[in-house]
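Here's the structure we're looking at; comments come further down.
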Amino acid sequence: MSSAISTDLLDRFAAIVGDKYALRSEADLAPHLIENRGLYHGSSPLLLKPGSVEEVSGIMKLASETGTAIVPQTGNTGLVGGQTPRAGQSDIILSLERMNRVRDVDPVANVLVADGGAILADVQKAAEAHGRLFPLSLGSEGSCRIGGNLSTNAGGTAVLAYGNMRQLCLGLEVVLPTGEIWDGLRRLKKDNTGYDLRDLFIGAEGTLGIITGAVLKLYPQPLGHQVAFAGLHSVEDALALFNLAASFCGTSLTGFELMPRFGVEITTRHIDGVRDPLEAAYPWYVLVDISTSDSAETAERMMNGVLEQGFEAGLVQDAAIAASVAQQKAIWHMRESMSDAQKPEGGSIKHDVSVPVSKIPHFMAEAEKAVMAAMPGARICAFGHMGDGNIHYNISQPVGADKTAFIARWREMNHIVHGLVLAHGGSISAEHGIGQLKRDELAAIRPAIEIELMRRIKRAFDPANIMNPGKVVSLDV
310 MSSAISTDLL
320 DRFAAIVGDK
330 YALRSEADLA
340 PHLIENRGLY
350 HGSSPLLLKP
360 GSVEEVSGIM
370 KLASETGTAI
380 VPQTGNTGLV
390 GGQTPRAGQS
400 DIILSLERMN
410 RVRDVDPVAN
420 VLVADGGAIL
430 ADVQKAAEAH
440 GRLFPLSLGS
450 EGSCRIGGNL
460 STNAGGTAVL
470 AYGNMRQLCL
480 GLEVVLPTGE
490 IWDGLRRLKK
500 DNTGYDLRDL
510 FIGAEGTLGI
520 ITGAVLKLYP
530 QPLGHQVAFA
540 GLHSVEDALA
550 LFNLAASFCG
560 TSLTGFELMP
570 RFGVEITTRH
580 IDGVRDPLEA
590 AYPWYVLVDI
600 STSDSAETAE
610 RMMNGVLEQG
620 FEAGLVQDAA
630 IAASVAQQKA
640 IWHMRESMSD
650 AQKPEGGSIK
660 HDVSVPVSKI
670 PHFMAEAEKA
680 VMAAMPGARI
690 CAFGHMGDGN
700 IHYNISQPVG
710 ADKTAFIARW
720 REMNHIVHGL
730 VLAHGGSISA
740 EHGIGQLKRD
750 ELAAIRPAIE
760 IELMRRIKRA
770 FDPANIMNPG
780 KVVSLDV
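Sequential numbering from 310 applies to the sequence shown in the numbering used here.
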């Protein structure tokens with residue numbers, strides 16, 4: 310593929326969507342060339358905003374004919390550079406911003422059909438308007454979009470009860486690199502007719518095709534909801550409390566989030582409206598979320614039972630139960646703001662990892678020892694979805710350290726943390742994806758046959774390597 314595209318070819322792409330929706334100026338392109346953490350800054354001569362599946366198909370047909378690289382982009386909230394065009398190339402960005410409709414809601418069948426560019430919060434509201442729940446919840450839900458959620462197999466805070474996006478999707482509509490349209494918008498929970506093509510595109514990060522539509526699962530709105538915030542002495546106590554809560558609540562336990570004292574301190578310090586619900590400070594905290602389908606009384610009984618047993622066992626040192634919806638949202642806001650609260654503290658080296666739930670205490674202890682030995686003074690902000698083993702193991706720079714020098718040690722810290730993750734049978738990417746950030750590392754740690762199978766799939770769908778090239782798996786071998 311050429312690193313430059315002629316003006317005539319750019320004009321041909323622009324004609325498919327109309328000049329109004331073909332952006333070329335530096336000011337218009339700038340927000341789409343960099344990802345949230347600033348690790349990747351790409352280049353592009355053109356951003357296209359198609360308004361229909363047919364226009365997406367037309368773009369991909371022309372791209373296939375001319376060998377032009379296309380980078381799909383939805384909310385641009387990804388954290389591994391999967392949505393960012395390559396630097397020094399002329400990748401064309403295809404934004405699904407205009408394809409943002411909720412096409413249909415069927416509360417009887419408990420399904421919702423949405424465009425790939427539909428904003429997650431809008432999907433949640435559309436389900437709620439019909440007395441239903443779409444359970445995916447993320448800190449970026451006001452700007453992230455369904456196509457991106459599916460392309461990264463997003464998890465969020467309710468995976469424990471509802472699963473990630475792979476479990477929340479019944480069918481897809483996809484435009485292939487050739488411009489062909491696969492209409493797989495099936496609403497069936499049971500369909501054993503051949504290979505499950507849907508699962509190939511979910512989690513593929515736009516490297517096999519562009520998700521333009523999806524059939525999503527809905528659930529009844531819970532009638533009872535309780536949220537509590539508890540202080541504990543150790544991660545071991547948090548694991549014991551989780552096991553207690555899971556046994557007592559069963560599928561009604563919808564969230565169990567682990568947070569360190571440092572995370573609570575910086576969130577209350579930097580995020581407006583956030584306060585510590587407890588009077589005393591504790592080394593660790595958990596957020597317990599319980600939802601029930603029958604009544605508010607059941608949720609209240611369950612929460613009280615979990616905390617009472619936790620106190621009796623010496624696991625819970627103090628706890629606060631939200632007394633209103635506003636207080637529930639405030640506690641969740643603290644947890645969801647913890648990543649942003651690290652920015653004012655300087656540089657932050659991020660890890661989105663998962664380990665078996667039973668191994669979390671061992672992993673946390675060993676990782677802290679290794680990180681502090683390599684970087685004395687580092688401040689660890691390890692938090693996340695304890696119920697499914699997904700820990701965001703973030704490291705904030707030592708106080709007074711040079712940010713640039715600290716960030717330069719990103720790969721070194723990755724090597725330390727990821728090495729321990731793999732030693733515990735875990736994964737170096739739990740919910741953020743691979744993108745550019747972890748592509749080469751993925752190739753190094755997975756069995757050769759596994760990487761080769763990925764490459765075969767990529768070549769089968771995208772032999773010209775025009776579909777988000779350079780992400781997830783490299784064909785340059």
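C-beta atoms are modelled at their ideal positions from N, C-alpha and C, and glycine is treated no differently. These numbers come from a predicted model, not from an experiment.
Between residue i and residue j, is the Cβ-Cβ spacing less than 8 Å?
i    : j    : result
M611 : C690 : no
N699 : E750 : no
W491 : S543 : no
I368 : L403 : yes
G522 : P381 : no
V420 : L527 : yes
H694 : H660 : no
S399 : A313 : yes
D424 : R441 : no
A539 : V422 : no
R495 : V524 : yes
S446 : T466 : yes
A650 : H579 : yes
V680 : I754 : no
So what's residue i in DSSP terms, helix, strand or just coil?
i    : result
K526 : strand
Q636 : helix
H741 : coil
M776 : strand
Y594 : strand
T487 : coil
N501 : coil
V583 : coil
E482 : strand
C453 : coil
E566 : strand
Q392 : coil
R768 : helix
M310 : Its pLDDT being 44, under 50, M310 is placed unreliably in this model, and the coordinates cannot settle the point.
T601 : strand
G572 : helix
Y702 : strand
V786 : For V786, the predicted structure reports a pLDDT of 49, less than 50, and the residue's modelled location is therefore unreliable. The matter cannot be settled from this model.
I260 : With the chain represented from 310 up to 786, any question about residue 260 goes unanswered, as that position is not in the structure.
I401 : strand
D711 : coil
H341 : helix
I379 : strand
H660 : coil
L421 : strand
G493 : strand
V625 : coil
L348 : coil
Quick one: using the 10 Å Cβ neighbour count with 16 as the cut-off for buried, is residue i buried or exposed?
i    : result
H534 : buried
P653 : exposed
G588 : For the record, residue 588 in the displayed sequence is Glu; it is not Gly. Exposed is the call here.
L497 : exposed
I704 : buried
L762 : exposed
P394 : buried
M327 : Here residue 327 is Gly; the residue named in the question, Met, does not match the sequence. By the neighbour-count rule (16 or more Cβ atoms within 10 Å), G327 is not buried but exposed.
G397 : exposed
D598 : buried
R644 : buried
G619 : buried
P586 : buried
G564 : buried
V786 : Low confidence applies to V786: its pLDDT is 49, below 50, so where it sits in the model is not reliable, and the reading given next is rough at best. Result: exposed.
R584 : exposed
V417 : exposed
H350 : exposed
With a cut-off of 8 Å, does the C-beta of residue i fall near any C-beta of chain C?
i    : result
V483 : Looking at the structure shown, chain C is missing, and only one protein chain is on hand.
Our contact map puts residue i next to residue j with C-beta atoms below 8 Å; I'd like the distance itself, whole angstroms only.
i    : j    : result
G656 : Q706 : 4 Å
M673 : M568 : Their Cβ separation, rounded to whole angstroms, is 12 Å, which puts M673 and M568 out of contact at 8 Å.
G518 : P486 : 7 Å
L477 : G493 : Contact flag wrong, Cβ pair sits at about 15 Å.
V662 : I737 : 6 Å
**OP:** Examine the Cβ distances between the segment 388 to 402 and the segment 433 to 441 and report whether three or more of them are shorter than 8 Å.
**Re:** With fewer than three CB-CB distances shorter than 8 Å, the segment 388 to 402 does not count as touching the segment 433 to 441.
Original post:
For the 8 Å Cβ check, are there 3 or more pairs between the segment 571 to 585 and the segment 544 to 561?
Top reply: The segment 571 to 585 vs the segment 544 to 561: no contact.
Original post:
Using 8 Å as the threshold, is the segment 365 to 377 in touch with the segment 333 to 346, meaning 3 or more CB pairs across them?
Top reply: Segment contact: the segment 365 to 377 against the segment 333 to 346, fewer than three CB-CB distances shorter than 8 Å; contact not assigned.
**OP:** Would you check if there are 3 or more beta carbon pairs closer than 8 Å linking the segment 455 to 462 to the segment 473 to 488?
**Re:** Note that the segment 455 to 462 touches the segment 473 to 488; at least 3 beta-carbon pairs, one per stretch, sit closer than 8 Å.
Original post:
For the segment 723 to 733 against the segment 591 to 610, are there 3 or more C-beta pairs whose distance is under 8 Å?
Top reply: As far as the Cβ criterion goes, the segment 723 to 733 does not touch the segment 591 to 610, which means the pair count is below three.
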